[in-house]
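Presented below is the structure to which this report refers.
4 protein chains.
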Amino acid sequence: MREQVRAAILDAAEELIADRGLEGTALAQIAAKAGVAVGTLYNYFDDRDAMVRALFATRRATFRPQLLAVIAAGKGLRFEARLRRFMRELFEVFEANRRYIKVAFAAEHLKQQQGAPQDLRLAIEEIVAAGVAEGVIAKASAQLLATMLRGAIRAVVVQRIEAGGAFPDDADGVVSLVLDGARRRG
Amino acid sequence: MREQVRAAILDAAEELIADRGLEGTALAQIAAKAGVAVGTLYNYFDDRDAMVRALFATRRATFRPQLLAVIAAGKGLRFEARLRRFMRELFEVFEANRRYIKVAFAAEHLKQQQGAPQDLRLAIEEIVAAGVAEGVIAKASAQLLATMLRGAIRAVVVQRIEAGGAFPDDADGVVSLVLDGARRRG
Amino acid sequence: MREQVRAAILDAAEELIADRGLEGTALAQIAAKAGVAVGTLYNYFDDRDAMVRALFATRRATFRPQLLAVIAAGKGLRFEARLRRFMRELFEVFEANRRYIKVAFAAEHLKQQQGAPQDLRLAIEEIVAAGVAEGVIAKASAQLLATMLRGAIRAVVVQRIEAGGAFPDDADGVVSLVLDGARRRG
Amino acid sequence: MREQVRAAILDAAEELIADRGLEGTALAQIAAKAGVAVGTLYNYFDDRDAMVRALFATRRATFRPQLLAVIAAGKGLRFEARLRRFMRELFEVFEANRRYIKVAFAAEHLKQQQGAPQDLRLAIEEIVAAGVAEGVIAKASAQLLATMLRGAIRAVVVQRIEAGGAFPDDADGVVSLVLDGARRRG
DNA sequence: TATGAATGAGCATTCATTCAT
DNA sequence: GATGAATGAATGCTCATTCAT
């Protein structure tokens with residue numbers, strides 16, 4: 000009961016923030032969309048800021064296990080296969096959490112949270128570390144590779160969010176490029 | 000004289016926006032920091048929005064020629080040398096325009112300006128196209144390579160801005176990675 | 000309760016506008032006089048303009064039925080008696096709505112309302128038309144007579160508002176003059 | 000020279016005030032239209048209010064002699080002829096001072112001036128007094144007749160100003176009505 | 001004397017937060 | 001707990017007035 004109201008509030012907040020941005024969304028709008036009175040918001044959250052933090056925390060609590068599951072799913076595989084699979088499945092998880100991803104990247108510049116981006120960073124670092132352990136990736140390249148992968152994912156996400164389409168299947172292209180480079184062979 | 004005041008206003012705006020974000024910065028703060036009265040702002044700009052646009056336009060007018068000079072400087076070189084040089088010098092230009100870069104990336108989500116990011120995109124595409132023409136890069140990889148380079152640059156910039164250090168010398172590493180991949184050889 | 004606050008706001012607005020004019024009255028003054036906070040005004044009216052319109056509409060809603068009652072009261076009478084009675088009772092209604100009348104005439108030059116003046120015009124035209132129908136007034140004089148009556152009423156009202164006294168008993172004199180003229184008879 | 004600038008300023012003020020009202024006209028607009036700088040206004044007038052008062056005073060200085068001439072022109076005539084002639088010529092004077100008349104009536108509700116209306120009142124009272132002296136008007140009707148004449152003139156003026164046409168020739172109708180009444184004669 | 005940039009008090013409006021019901 | 005009216009500080013903007021040049 001109480002949880003349902005809380006969820007309704009956060010849903011309303013998420014949708015409005017995704018649409019109009021964090022600063023463009025007033026508490027009155029959130030309350031209206033959630034079907035409660037403004038004052039009620041304060042029974043669930045200390046203040047506006049706490050509500051936003053709760054929004055990110057709640058969503059992250061949904062998103063993170065899915066992300067961890069994706070990582071876990073590839074555990075037995077060899078590095079390259081694992082990375083390719085990870086990239087493919089990652090975009091599916093993004094698709095399933097589309098609105099949160101939009102909000103998370105949109106609010107990336109705020110100090111208060113780097114939920115999804117942070118989780119992602121760790122996930123990538125873990126896989127890259129596995130690649131190093133396996134001897135496929137030089138230790139010296141590891142950090143840079145991780146950064147590049149994140150950069151690539153971010154670019155794709157931002158583009159898709161603005162263009163509005165589905166998250167695409169550049170996954171394999173990105174992996175090939177970062178593993179073997181863009182230089183023409185032969 | 001008039002230009003000095005204008006510059007002082009934009010400087011104040013830039014610093015405050017870099018610190019507190021666009022929506023977190025009030026005109027009164029900008030005026031105070033610039034050492035003028037609120038009303039004075041309106042002698043220089045039509046309204047708040049025009050001031051922000053002027054800020055971006057002015058900074059871009061400084062940044063863009065530097066970026067173009069970097070591109071032009073590499074014109075005679077072969078692709079790889081050119082790309083390496085470009086990346087190195089690019090970060091120097093970033094360093095010289097540090098605060099603008101910060102504001103530009105911070106305000107990236109606003110429709111009203113994609114100045115620096117847009118300029119950068121075109122610069123990268125030009126160089127990559129030269130790589131294709133030279134036969135070093137497969138045509139099929141060109142788009143992805145460009146995207147990855149931008150993603151990498153962005154990631155580096157954001158990280159350095161938040162961490163506060165100088166833009167690093169990952170330049171060569173990035174180039175090596177995107178050209179030859181992270182996979183260990185031999 | 001809510002209605003009382005609304006009424007208090009409109010009362011405050013009316014009094015201040017009557018005193019200082021429409022443009023000379025700030026919302027802060029109205030709020031202070033009404034004993035509420037500025038923001039509260041916006042719980043009752045969309046904006047300043049809506050508040051002013053509401054003021055006129057509310058007052059007119061009180062004034063108009065009284066005016067209509069005065070007109071109706073004379074329905075059975077012959078023209079001259081009716082006109083005399085109308086003029087006398089009209090000034091009583093004016094007296095009962097003194098502050099509104101003041102505001103209404105003061106804001107007469109605004110497009111947004113011609114409430115009282117408009118109502119009055121129609122009332123007069125109806126009575127004059129009855130005079131024409133009865134054969135007492137020549138059709139050709141009707142329009143001018145109506146205009147003169149309005150002009151006379153207005154002059155009396157404005158004078159009394161500025162002088163501050165009660166609306167006078169010129170009523171009979173006005174009627175006699177417009178019916179029989181000022182020329183001395185042998 | 001100095002007088003020309005002063006005149007240009009008052010002309011500009013008059014036109015703008017006639018168009019947009021007193022409160023709707025900013026000093027900057029007046030200065031711009033007059034072709035001088037804002038600061039210059041303060042070399043000619045103490046402040047905004049003084050400028051407006053000067054505007055009315057100057058215009059009245061033009062208007063009043065014309066009005067007095069109209070009165071003087073009828074001096075030899077008998078009352079009725081004089082009144083008819085006065086009313087006709089009055090509207091010509093109004094036509095010649097159209098913009099001032101518009102401003103004067105528009106600003107009638109301001110305490111600061113009743114220039115034209117005041118002059119007019121005196122003119123009418125003088126003529127009516129002549130009618131009393133001549134025995135055409137009963138002393139008891141004099142005040143009311145004067146009030147009615149003013150009311151009628153005002154109504155015509157306001158209507159013409161808003162409608163935009165020329166001041167009409169209701170003059171004779173008004174005179175006939177106030178002298179002989181609207182009642183149909185057998 | 002003329003200029004017009006600088007000034008800052010004043011205005012309408014918004015909105016997170018409080019609290020009596 | 002839920003409500004939503006009340007609050008008032010804060011914001012962007014205007015404009016009469018001042019004053020250095």
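Residue numbers (numbering that gives the first Met the number 0), protein chains in the order written: chain A, 0 to 185; chain B, 0 to 185; chain C, 0 to 185; chain D, 0 to 185. For each residue, glycine too, the CB sits at the ideal point set by N, CA and C. Note that the structure is a prediction, hence the values are computed from the model and not measured.
Whole-angstrom C-beta distance between residue j and residue i, which should lie under 8 Å
{"i": "residue 13 of chain B", "j": "residue 98 of chain B", "result": "6 Å"}
{"i": "residue 106 of chain D", "j": "residue 21 of chain D", "result": "6 Å"}
{"i": "residue 135 of chain B", "j": "residue 184 of chain A", "result": "Going by Cβ atoms, the distance from residue 135 of chain B to residue 184 of chain A rounds to 11 Å, so no, they are not a contact pair."}
{"i": "residue 165 of chain D", "j": "residue 94 of chain D", "result": "6 Å"}
Same chain, Cβ closer than 7 Å to residue i, five either side skipped, listed in chain order
{"i": "residue 123 of chain A", "result": "145, 148, 149"}
{"i": "residue 174 of chain B", "result": "82, 83, 86"}
{"i": "residue 101 of chain C", "result": "17, 160"}
{"i": "residue 131 of chain C", "result": "138, 141"}
{"i": "residue 15 of chain B", "result": "24, 28, 29, 32"}
{"i": "residue 47 of chain B", "result": "26"}
{"i": "residue 44 of chain A", "result": "50, 53"}
In DSSP terms, what residue i is bridged to
{"i": "residue 160 of chain C", "result": "In the DSSP output, where bridge partners are listed per residue, residue 160 of chain C has none listed."}
{"i": "residue 29 of chain D", "result": "None; residue 29 of chain D has no bridge partner."}
{"i": "residue 182 of chain D", "result": "C:136"}
Pairwise C-alpha distance: residue j and residue i
{"i": "residue 29 of chain B", "j": "residue 0 of chain B", "result": "19 Å"}
{"i": "residue 40 of chain A", "j": "residue 158 of chain B", "result": "35 Å"}
{"i": "residue 152 of chain C", "j": "residue 6 of chain C", "result": "29 Å"}
{"i": "residue 126 of chain C", "j": "residue 74 of chain C", "result": "9 Å"}
{"i": "residue 49 of chain A", "j": "residue 42 of chain A", "result": "12 Å"}
{"i": "residue 90 of chain A", "j": "residue 72 of chain A", "result": "15 Å"}
{"i": "residue 160 of chain D", "j": "residue 60 of chain B", "result": "54 Å"}
{"i": "residue 120 of chain A", "j": "residue 156 of chain A", "result": "14 Å"}
{"i": "residue 33 of chain D", "j": "residue 19 of chain C", "result": "30 Å"}
{"i": "residue 77 of chain B", "j": "residue 172 of chain B", "result": "18 Å"}
{"i": "residue 37 of chain B", "j": "residue 54 of chain B", "result": "17 Å"}
{"i": "residue 177 of chain C", "j": "residue 143 of chain D", "result": "10 Å"}
{"i": "residue 163 of chain C", "j": "residue 52 of chain C", "result": "26 Å"}
{"i": "residue 180 of chain A", "j": "residue 103 of chain A", "result": "30 Å"}
{"i": "residue 154 of chain C", "j": "residue 2 of chain B", "result": "59 Å"}
{"i": "residue 11 of chain A", "j": "residue 88 of chain A", "result": "28 Å"}
{"i": "residue 56 of chain C", "j": "residue 56 of chain D", "result": "38 Å"}
Contact set for residue i: own chain, Cβ-Cβ below 8 Å, skip 5 residues either direction
{"i": "residue 92 of chain B", "result": "62, 65, 66, 69"}
{"i": "residue 35 of chain D", "result": "4, 7, 8"}
{"i": "residue 128 of chain C", "result": "141"}
{"i": "residue 170 of chain D", "result": "83, 86, 87, 89, 90"}
{"i": "residue 133 of chain C", "result": "77, 78"}
Beta-carbon contacts of residue i that lie in its chain and below 6 Å, excluding the five residues immediately before and after
{"i": "residue 58 of chain D", "result": "99"}
{"i": "residue 96 of chain C", "result": "62"}
{"i": "residue 118 of chain D", "result": "63, 66"}
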